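**Student:**
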Amino acid sequence: MFSRRDRRSSARSAPPAFSTPETAEAWAQLDAGDVPGALRRLRACAESAPLGEIARVTGRAAEAAGFDDLRDAAAKVVGDPQDGRALYDFGYTCIERGVGHLAIPALREVVRTHPQAAGPRRELVAAYEDQDRHGEAVDLLLPHADSLDDWPDRYLLVFNAATSGRLDLAEQQFARLAAPSEEMWRPVHARLGRVMARAAVVRAADAAPLDGTDLRGWQYVLRGSLLGHLSPYGFDAGMRGRYAYLQDSYAACRTGIERLRMALEASGQRPATVSLLPDRGSRVLGLAAAELLGLPAVPFEPAREETLVVAYDLKELLAPEAPEAGVEAVRALISRTPGQILHEHASCWTNTPPVTADSVGLLAQTAMPPWGEQLRGRVGGSGVDRLPADTRPEPELAAEIVAASPEAGSGDGATPSDPDTAFASFVAAVAGTWLQGPRDRVRATGPVPSSRFN
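Using our numbering, you'd call the opening residue of the sequence shown number 27 and step up by one each time.
1. At what residues does the beta strand (DSSP E) containing Asp411 begin and finish?
2. Which same chain residues, not among the five before or five after Glu51, have their C-beta less than 6 Å away from its C-beta?
3. Given 8 Å as the limit, is there contact between the region 411 to 421 and the region 271 to 283, that is, 3 or more CB pairs closer than that?
4. DSSP on His255, reduced to helix/strand/coil?
5. One question on the structure: do Leu189 and His215 come within less than 8 Å of each other, judged by their Cβ atoms?
6. With a 10 Å radius around its C-beta and 16 neighbouring C-beta atoms as the bar for buried, classify Ile283 as buried or exposed.
7. Going by DSSP, which residues form a beta bridge with Thr49?
8. Here's a check: name, in chain order, each residue in its chain whose Cβ is nearer than 7 Å to the Cβ of Gly110, leaving out the five neighbours to either side.
9. DSSP state of Leu68, grouped into three classes?
10. Would you tell me roughly how many angstroms separate the C-alpha atoms of Cys374 and Glu79, rounded to the nearest one?
11. Report the residue from Leu303, Ala348, Leu313, Leu343 whose alpha carbon sits nearest the alpha carbon of Glu327.
12. Using CA atoms only, rank isn't needed, just tell me which of Ala101, Thr84, Val103, Thr46 is closest to Arg75.
13. How big is the Cα-Cα spacing for Asp95 and Thr119?
14. Helix, strand or coil: which one does DSSP assign to Val227?
15. What does a CB cutoff of less than 6 Å around Arg86 pick up in its chain, not counting 5 residues either side in sequence?
16. Kindly indicate which residue of Ala230, Leu253, Ala231 has the alpha-carbon position closest to the one of Leu481.
17. Comparing alpha-carbon positions, which option in Ala225, Ala223, Pro178 lies nearest Glu208?
18. Taking C-alpha atoms, which residue in Ser443, Leu461, Pro442 lies nearest to Arg488?
19. For Pro364, which residues of its own chain have a beta-carbon under 8 Å away from its beta-carbon, when the five flanking residues on both sides are left out?
20. If you count every other CB in all the chains shown that lies within 10 Å of the CB of Phe449, and 16 or more means buried, which is it?
21. My assumption, with CB atoms under 8 Å, is that Gly145 sits in contact with Ala129. Please give the rounded CB distance.
22. Do Leu311 and Tyr338 have their beta-carbon atoms positioned less than 8 Å apart in this structure?
23. Tell me the DSSP bridge mates of Val300?
24. Return the bridge partner residues of His369 from the DSSP annotation.
25. CB of Ala72 to nearest heavy atom of the ligand GTP: below 7 Å?
26. DSSP puts Leu248 in a beta bridge; with which residues?
27. Helix, strand or coil: which one does DSSP assign to Ala37?
28. Taking the DSSP output, what are the residues bridged to Thr392?
29. Where does the unbroken beta strand (DSSP E) through Leu401 begin, and where does it stop?
30. Closest to Leu334 by CA distance: which of Arg467, Thr299, Tyr154, Arg309 is it?
31. When you compare each of Pro169, Phe93, Leu256, Val184 to Leu388 by their alpha carbons, which one comes out closest?
32. Excluding five sequence neighbours on each side, which residues of the same chain lie with their C-beta closer than 6 Å to the C-beta of Ala351?
33. Can you name, in chain order, every residue of its own chain whose Cβ lies under 8 Å from the Cβ of Val227, other than the five neighbours on each side?
34. With a threshold of 8 Å on Cβ separation, who are the neighbours of Ala72 within its own chain once the five nearest residues in sequence on each side are excluded?
35. Have a look at Pro41 and Glu48 and give me their C-alpha separation to the nearest angstrom.
36. With which residues is Cys374 paired in a DSSP beta bridge?
Have a look at this one:
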């Protein structure tokens, strides 16, 4: 990914003549050494500005970031913006470098001029997926449905149809999808089969509407995760049950554990222990869960069966300050040990964790744990103070969770009612398809969009 680096071009000649203000502003931001800012500016005009101009700015940004492959690919598009090979290479490299939004117009032009070529079409699908534009991937593939190769093309159609909420189409095309002959596709086929099985159970039981606002239903269908809590703020203002920034509380942690208790009871799961992961936040939450559920707390061991593994934020296992055991735990948790259940309290939905938890307390773009640094507004609204992290021992912090009362606030009143009985009924309806298969990472947010900050 691009990052801010002080590699400003030494050449300060007059800027090129750009036809849109956005590209000119992006160029000026590069003059100031602000590569991320320039790329954000390009996002606003990527599909309206001339391809040559987009490539010119992208190439300069790539040079500043040290991405010689993207710099060279962009230079070829600047030289001939109608060269299909150059556009394809530019789009491919944009995806590889984490700027898939810049790939889309270039690859779309290649597909327009070469409508029967499978390679450019597949790369454009990859770019759409990278940007969570799964509906457009379906629209691209569907006209070719009768002539698609099963692997990967029909698979891509099924996956993107399901991920964009078009389950009838997904079921129809999944029925036409032959089992893969190549080993590389077999895990993918099995994972897709589990998605379709979960969708079928939810629909057959009428357990959830699976519409454009059903965050819990789609979280389960696409990930196999039971979502315990919906944000009570901003539901009708673009959040749909997710948080953007959350300053977490001990009460919210307690609420998450109580919903986890309901999930275990409704599904008939009876873990014998609570396994403590090596990062501080997970140990705090795990100790509290063990106390509240009446189970012994034990160190995490990959082969331990019939155990509840508790994480605060799974990405913390890979943080620079995390112990090496965190990386080993992530690798181990992708596989499923018999009877092992993974619960994550605060799961990031914009940059999903490396392991998909079986149970999730809440979804947030950024969550600050209650024992971490806190922001507190000053009296009279004169500013904000940053309070230091709570350095008390982990058992004392866990005791704060145990002593807290579960949150029962109604928020702003716009979020639909979510009583305990409704959550338990949903879990009971889908229990037969829960806890199946590896916990692979799932990047797609699904058909329920939420507002995010950059």
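Idealized CB from N, CA, C, for every residue including glycine.
In this text, all values refer to a predicted model and were calculated from it rather than measured experimentally.
**Tutor:** Let me lay it out:
1. The count along the sequence shown starts at 1 and reaches residue 411 at position 385. Unbroken beta strand (DSSP E) run through Asp411: 410 to 413.
2. Looking up residue 51 in the sequence shown gives position 25. So the qualifying residues of the chain are Arg67.
3. no
4. Stepping through the sequence shown from its first residue, residue 255 is reached at position 229. His255: coil per DSSP, three-state reduction.
5. Here residue 189 is taken as the residue at index 163 of the sequence shown, counted from 1. Here residue 215 is taken as the residue at index 189 of the sequence shown, counted from 1. According to the sequence as given, residue 189 is Thr; it is not Leu. No, the pair does not count as a contact, with Cβ atoms beyond the cut-off.
6. Position 257 of the sequence shown, counted from the first residue, corresponds to residue 283. Buried is the call here.
7. The residue you call residue 49 lines up with position 23 of the sequence shown. Answer by DSSP bridge pairing: none, since Thr49 is not bridged.
8. Against the sequence shown, residue 110 aligns to sequence position 84. Closer than 7 Å at the Cβ level, and outside the excluded window around Gly110, lie Val136, Thr139, His140.
9. Here residue 68 refers to the residue found at position 42 of the sequence shown. The answer is helix: DSSP assigns Leu68 an H, G or I state.
10. Numbered from its first residue, the sequence shown carries residue 374 at position 348. Numbered from its first residue, the sequence shown carries residue 79 at position 53. Distance between the alpha carbons of Cys374 and Glu79: 35 Å.
11. Here residue 327 is taken as the residue at index 301 of the sequence shown, counted from 1. Taking only the C-alpha atoms, the option nearest Glu327 is Leu303.
12. The residue you call residue 75 lines up with position 49 of the sequence shown. The identity of residue 75 in the sequence shown is Ala, whereas the question assumes Arg. Here the closest residue by C-alpha is Thr46.
13. Numbered from 1 along the sequence shown, position 69 holds the residue referred to as residue 95. Numbered from 1 along the sequence shown, position 93 holds the residue referred to as residue 119. Computed Cα separation, rounded: 7 Å.
14. Reading the sequence shown from its first residue, position 201 is the one you call residue 227. It is helical.
15. The residue given as residue 86 occupies position 60 in the sequence shown. Contacts found: Leu56.
16. Missing from the structure shown is residue 481; the chain here goes from 27 to 480 and no further.
17. Residue mapping note: residue 208 aligns to position 182 of the sequence shown, counting from 1. Ranking the options by Cα distance to Glu208, first place goes to Pro178.
18. Past the boundaries of the shown model lies residue 488; the chain is included only from 27 to 480, so the question cannot be answered.
19. What you label residue 364 is simply residue 338 of the sequence shown in a count that begins at 1. Glu331, Glu332, listed in sequence order.
20. For the purposes of this step, residue 449 is identified with residue 423 of the sequence shown, where counting begins at 1. So Phe449 ends up on the buried side.
21. Walking along the sequence shown from the start, residue 145 turns up at place 119. Walking along the sequence shown from the start, residue 129 turns up at place 103. About 14 Å; that fails the 8 Å criterion.
22. As a working note, residue 338 is residue 312 in the sequence shown. As a working note, residue 311 is residue 285 in the sequence shown. The answer is yes: Cβ separation under 8 Å.
23. Taking the sequence shown and counting its residues from 1, one reaches residue 300 at position 274. Answer is Ala323, Leu334.
24. Counting from 1 along the sequence shown, the entry for residue 369 is found at position 343. BP columns for His369 point to Val336, Ser385.
25. The ligand GTP is not part of this structure, which contains no ligands at all.
26. Working through the sequence shown from its first residue, we reach residue 248 at position 222. Per DSSP, none; premise fails for Leu248.
27. Position 11 of the sequence shown, counted from the first residue, corresponds to residue 37. Note that Ala37 scores a pLDDT of 47, beneath 50, so its modelled location is shaky; the value from the coordinates is reported in the next line. Three-state result, Ala37: coil.
28. Reading the sequence shown from its first residue, position 366 is the one you call residue 392. Answer by DSSP bridge pairing, in chain order: Tyr271.
29. For the purposes of this step, residue 401 is taken as the residue at position 375 of the sequence shown. It spans 400 to 403 - the beta strand (DSSP E) in which Leu401 sits, taken as one unbroken run.
30. Walking along the sequence shown from the start, residue 334 turns up at place 308. Of the listed residues, the one whose Cα sits closest to Leu334 is Thr299.
31. Here residue 388 refers to the residue found at position 362 when the sequence shown is read from its first residue. Comparing Cα positions, the closest option is Leu256.
32. To locate residue 351, count along the sequence shown from 1; it is residue 325. So the qualifying residues of the chain are Pro304.
33. The residue labelled residue 227 in the question sits at position 201 within the sequence shown. If we look at Val227 and ignore the five residues flanking it on each side, its Cβ neighbours are Ala233, Ala455, Val456, Gly458, Thr459.
34. Start at 1 with the first residue of the sequence shown, and residue 72 comes out as number 46. Closer than 8 Å at Cβ, skipping near neighbours: Ile80, His127, Leu128, Ile130, Pro131.
35. The residue you call residue 41 lines up with position 15 of the sequence shown. The residue you call residue 48 lines up with position 22 of the sequence shown. For Pro41 and Glu48, the distance between alpha carbons rounds to 13 Å.
36. As a working mapping, residue 374 is identified with position 348 in the sequence shown. According to DSSP, which records beta bridges pairwise, Cys374 is partnered with Ala390.
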